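Residue numbers (the numbering used here): 1206 to 1430.
From the three backbone atoms N, C-alpha and C, an ideal C-beta is built for every residue, glycine too.
Being a predicted model, the structure only gives us computed values, none of them experimental.
Notes follow the structure.
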C-alpha cells in the first residue's frame, strides 16, 4: 500500500488554504513572532473579528493552527491566542516564474486584440471580490487604501483642491515594468480594480484616474457620496 509522504499537505489542507482570506490569515500568523488574538489578526487585516473567527476555526479543524487560552486583557473572558501548528507547512514564497507568466499573458492579450475596456471589466470583477472582505471597514477610503497597500502600491492620501475629496497617490507600482510596456492593458486592469472595489463598498465613486501616461506618481480621486 502506497502512503502519502508526511511532507506533502493533505487535500483538506490544500482546500483550506485555497481561500484567499484564510491564506492571508495564515501568512499573518506565520510572520508573527508570537501567538495572536482574533482581534489582533482582524485589525492587522482590516477585517471584522466576526469575519476572522470562522476562518480560524476552519484552519484549526484542518490542523493548521493551534489555539491556547491567554490571560484576559481586561474585563471579560480570557482571549484565545492562535499560532501555526508545528506540523503546518510554511507559506510558499512567490514563485519567480509568476512575473514571467504575467508578462507572457499580457503580451498574449495584446497580440490577440484584447482592449483596455475588456481589461477594465476583469479588473472590476476582481475589485468587487476584494471589497467583499472589507464589509466592516469604517469607510471606502480606508478600505481601499489598505487593499492598495497590501498589493504593494504604497498609497498616500491627500485632499484635492476643493478640500472635499481624497486623492490617492501611488508611490510604488508593483506592475510598473509591465505597465510601461503595456499601459493600455495593465493600467486599465488597475483602474478597473479600483472601480470595482469602490462600487462594491458603495459610499464613494471614482473620479479622475491618472496613470503613468499622465503623471508620476499615478493617482486616483475618490469622491465621497
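Asked	Found
Starting from residue 1393, follow the beta strand (DSSP E) in both directions and report where the run begins and ends.	Looking at the DSSP string, residue 1393 is not in any beta strand (DSSP E); the run it does join, the alpha helix (DSSP H), is 1388 to 1406.
Given residue 1330, which residues of its chain have a CB within under 7 Å of its CB, disregarding the five upstream and five downstream residues?	1401
To the nearest angstrom, how far is the alpha carbon of residue 1309 from that of residue 1273?	46 Å
Using the Cα positions of residue 1324 and residue 1384, report the straight-line distance between them to the nearest angstrom.	13 Å
Given that a residue counts as buried once 16 or more other Cβ atoms are within 10 Å of its Cβ, and exposed if not, what is residue 1305?	exposed
The beta strand (DSSP E) that contains residue 1274, what's its start and end?	1270 to 1274
Compute the Euclidean distance between the alpha carbons of residue 1253 and residue 1295, then round it to the nearest angstrom.	26 Å
Assuming residue 1227 and residue 1263 make a contact with CB atoms under 8 Å, what is their CB distance in whole Å?	7 Å
In its own chain, which residues sit with a C-beta less than 7 Å from the C-beta of residue 1409, not counting the 5 before and 5 after it?	1345, 1346, 1403, 1427, 1428, 1429 and 1430
Using 10 angstroms around the beta-carbon of residue 1363, count the other beta-carbons present and answer buried if the total reaches 16, otherwise exposed.	exposed
In whole angstroms, what is the alpha-carbon distance linking residue 1261 and residue 1412?	38 Å
Which residues does DSSP list as the beta-bridge partners of residue 1285?	1274
Report, in whole angstroms, the separation of the C-beta atoms of residue 1373 and residue 1425, which I expect to be a contact under 8 Å.	5 Å
Can you grab the Cα-Cα spacing for the pair residue 1378 / residue 1357, in whole Å?	7 Å
Which class does residue 1237 belong to by DSSP, given the choice of helix, strand or coil?	coil
Give me whichever residues DSSP pairs with residue 1423 in a beta bridge.	1375
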